[in-house]
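Using the UniProt record's numbering, the final residue of the sequence shown is 762, and nothing's skipped along the way. No residue lacks a Cβ here, since even glycine has one placed at the ideal position from N, Cα and C. In what follows, a single structure is set out as structure tokens and then discussed.
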Amino acid sequence: AVAAAMRLGAVLSALRPALPLLLGLSLGCSLSLLRASWSHGAAEERCLAPGPPARGAPPEAAEGRPGPGHEDFRPRIVPYYRDPNKPYKKVLRTRYIQTELGFHERLFVAVLTSKATLNTLAVAVNKTVAHHFPRLLYFTGLRSAKVPHGMVLVAHGDERPIWLMYETMNYIHQHFGSDYDWFYIMQDDTYAQAEQVKALVTHLSINQDVYLGRAEEFIGGDEQARYCHGGFGYLLSRSLLLKLHPHLDSCRNEILSVRPDEWLGRCIIDFLGITCVSQLQGQHYHTYELAKNTELEKEEEEDFQAALAVHPVSDMTLMYRLHKQFSRIQLDRVYQEIQDLQMQIRNLTALTPAGEAGVTWPVGINAPFLPKSRFEVISWDYFTEQHLFSCPDGSPKCELSGASKADVSEIIESAVEQLNRLYQPLLRFSKRQLLNGYRRFDPTRGMEYTLDLLLEAATQKGHSHVLAKRVSLVRPLSKVEIIPMPYVTEATRVQMVLPLTVQDLDFVANFLDMFAMNTLDTHDNALLTLLFIYHPYDAQRVGQVDVFAGVKAMVGELEKRYAEVKIPWISVKTEVPSQVKLMDIVSKKHPVDTLFFLASVWTEINMEFLNRCRMNTISNWQVFFPVHFQEFNPALVYRGDQTASSSTDFLRDGHFDRHSFAEACFYNSDYMTARTKLAADILDRDEVLESMEVFDVFLHYSGLHLFRAVEPGLVQKYTLRSCNPRLSEELYHRCVLSNLEGLASRSHLAMALFEQEQANST
């Protein structure tokens, strides 16, 4: 018996850790069986008696089954089926993956305006909230002769309100019905909080028929039926729009109404049986009716602050005042939310192993970057109120101007404001002078500042004292914004332009070989034009001795090898080969839609870079100036006893030459536009062109984006380039710097000097 008891005790002790698991499984199974029996019993009874379907509603919807407008809102993949009896044809894919998966955009906004208010209230709407919505169109009956800038206007040709609403709903269904999930209709005398409206649609389910707005009763109509007041805007779901569209013609012929919002509400109720609601799925559509002579700055009502839409707005000034007031309210909410989050972070950090010492400053911002070696240390830039001591061009001192000056002024003003907020009413600070200023950009948190300020502190009794105080500030990185870009493809033909001088003859053969191997052999959509630059002396002797005869012979051999290829050349006579003057000649000989790649003879062309040239260059939007990789002098890097770097680390022994702007990708139309503005500025002073490059033309005389980035696909072998002293001082200095920095790295130069000193000492 004692042995049996011992064995039982051993078994129980072994099972004791598993007892909670066994009890949990048993309890879960029991509850599941009970719930299944309750659900089965409830399914046999109908809580609501079926009512008659709405006029025009499909029978499937009346029986509780999905109607023809119902969709499964899960992503779908379009299948690919290949008919074996038909020849193979390349499949054309959609531009964007969301199109192929059947995704829709979130929100479309339609603003109903008129010819009388198009240049007043509609412009105010456009300036206050239009940039917050992803897509916004203005609809009017008649349009004025000139449409305000930046507004997309649709005119229906008739000012009758009912006709305008009918045509607007038809237009929205035809052009945007399959692209958006939600449609927000508002008038131009309505102020809508754009961010609040966008937040509202993110909390609503798209698989329901939604008619949401400020519900109003029909005059002398059904007590339960409601329509959405058009002055406060209303929201329609895509499913409702699809079901409503077949009945719009019947509504136009059968329903008589003076107000367009009543007409639309009656149409939705009669044919779909859906009434307007002011709250749905736990979300409320708050509105505020604006009284005359309301003092917005003193308006503190909860209904006003929570309103998504305010109506009526009688003039532009009132629209701007509303926007200012709601922006201030939203900003106060954000600041309060930041303070609450910072307090929560402090409370939670105290419970961590690091304790209060683990709280970073500012609270909620990432900690400063900690370098792992001396090469990762982020240096500070010193500045004063007048000068910057870390200049982009490498000079030790330059005048503080432009965005940098505005940045320094704003940060000093913010520092004094924060000090006054902290010490008032006991002390009042005013700035005397900035003694020292330091700033650096930390990629993990933002721009950091350290300021030594000379301040005058005044007390409440009028006493003042001058003191120096050091403050630290951080301008944190804000929310990342994706800039919309026009769609481009890799099928665009690239027209390469290669300027050649007598000094470049030794490198032409390698360039043509790489061009033939990487573009002609691969049938890449790229062409080449050679630009022979003759010195006046060589141009006079071209009949006897042509300095470019060898290059022309090589071109002839290529054209024989590739029968379908023609490589034209252009001959130019000049002493100063200005890049702008040469491009002027080439531009006139090509169509305006030509994509140019301005190359240099040391460049090794490859398909990878040509595709990036196509993708990074956008007509009437962006030009691309790649920074090529320049290999160092092998005599200094390897010194005869080391082998060259392998192909896997070909970017090791060299640097990206930021002083060179010889390579560029741009469209001819963009160049011609910028060149026209340049010609109007310089008039007949052609000597100015000798001090400019194509980069300067786009930088100063075009509103395009200049995309300047390192390009690992452009690798150039080392060569000592000849700098033309007849060019401008800046271009000549830039060429010399490129040659000097392209010799070797600092460590290689130091080793070469060390070996030379050792050799001299012996």
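Identify the residues that DSSP records as bridge partners of residue i: which are they?
i    : result
S489 : Contrary to the premise, residue 489 reads as Thr rather than Ser in this sequence. T489 pairs with nothing; no bridge assigned.
R333 : DSSP, once it has assigned bridges, lists no residue as partnering R333.
L473 : Y449
C228 : A215
F624 : C665 and F707
A526 : V494
S464 : A458
P499 : L531
T140 : A155
Y171 : Partner(s): none; Y171 has no beta bridge.
D381 : R439
Y288 : V310
E631 : G654
M186 : V111
E716 : In the sequence on display, residue 716 carries Gln and not Glu. Answer is T603 and Q630, bridged to Q716.
F596 : Q495 and F666
C398 : L388
I618 : Q622
S237 : W182
Applying the 10 Å Cβ sphere with the 16-neighbour rule, what's the burial state of residue i?
i           : result
T128        : buried
V551        : buried
D340        : exposed
H156        : buried
G355        : exposed
E63         : With a pLDDT of 39 at E63, under the threshold of 50, the predicted position of this residue should be treated as unreliable, though the coordinate-derived value follows. It counts as exposed.
N668        : buried
S205        : exposed
I482        : exposed
V466        : exposed
V592        : exposed
residue 842 : The structure shown has nothing for residue 842, since the chain only spans 1 to 762.
L689        : buried
Q758        : exposed
V201        : buried
C228        : buried
M485        : exposed
D179        : exposed
A307        : buried
T648        : Any reading at T648 needs caution, since the residue's pLDDT is 41, under 50, leaving its predicted position unreliable; the model's value is listed next. So T648 ends up on the exposed side.
A194        : buried
S239        : buried
S660        : buried
D657        : buried
Pop quiz: residue i and residue j are said to be a contact at Cβ under 8 Å. What is the actual Cβ separation, rounded to whole angstroms?
i    : j    : result
L400 : Q386 : 6 Å
A309 : T190 : 6 Å
I274 : D209 : 5 Å
M165 : P312 : Not confirmed; about 18 Å, so no contact.
R346 : V359 : 6 Å
Y718 : E608 : Not really, about 22 Å apart at Cβ, beyond 8 Å.
A744 : N616 : Not a contact, Cβ separation roughly 30 Å.
Y534 : V580 : The Cβ separation is near 18 Å, so there is no contact.
L112 : W182 : Going by Cβ atoms, the distance from L112 to W182 rounds to 17 Å, so no, they are not a contact pair.
R726 : V576 : 5 Å
L256 : L212 : L256 to L212, Cβ: 26 Å. No contact.
Y381 : R470 : Going by the sequence as given, residue 381 is Asp instead of Tyr. In fact, because the Cβ distance is near 17 Å, the residues do not count as touching under 8 Å.
A516 : L558 : 6 Å
V147 : A215 : So it is not a contact: roughly 35 Å between Cβ atoms.
Y171 : V154 : 6 Å
Quick one: is the Cβ of residue i within less than 7 Å of any heavy atom of the ligand FAD?
i    : result
T594 : The ligand FAD is absent from the structure shown, which contains no ligands of any kind.
Review point. Any chance the stretch 615-626 sits against the stretch 734-742, with 3 or more Cβ pairs inside 8 Å?
Key: no
**Study point:** Stretch pair the stretch 545-561 + the stretch 498-509: three plus CB contacts closer than 8 Å
**Key:** yes
Check your understanding: Is the stretch 514-532 in contact with the stretch 557-569, if contact means three or more CB pairs nearer than 8 Å?
Key -> yes
**Study point:** the stretch 135-142 touching the stretch 111-119, judged by at least three CB pairs closer than 8 Å
**Key:** yes
Review point. Touch check for the stretch 361-377 and the stretch 427-445: three-plus C-beta pairs under 8 Å?
Key: yes
Review point. Taking one C-beta from the stretch 713-730 and one from the stretch 594-613 each time, how about it: are there three or more such pairs within less than 8 Å?
Key: yes
Check your understanding: How about the stretch 424-435 and the stretch 454-461: do they share at least three Cβ pairs that are nearer than 8 Å?
Key -> yes
Exercise for review: Tell me, please, whether the stretch 651-665 touches the stretch 610-623 by the rule of three or more beta-carbon pairs shorter than 8 Å.
Suggested key: yes
Check your understanding: So, do the stretch 284-301 and the stretch 321-330 have three or more beta carbon pairs nearer to each other than 8 Å?
Key -> yes
Review point. How about the stretch 669-681 and the stretch 692-704: do they share at least three Cβ pairs that are nearer than 8 Å?
Key: yes
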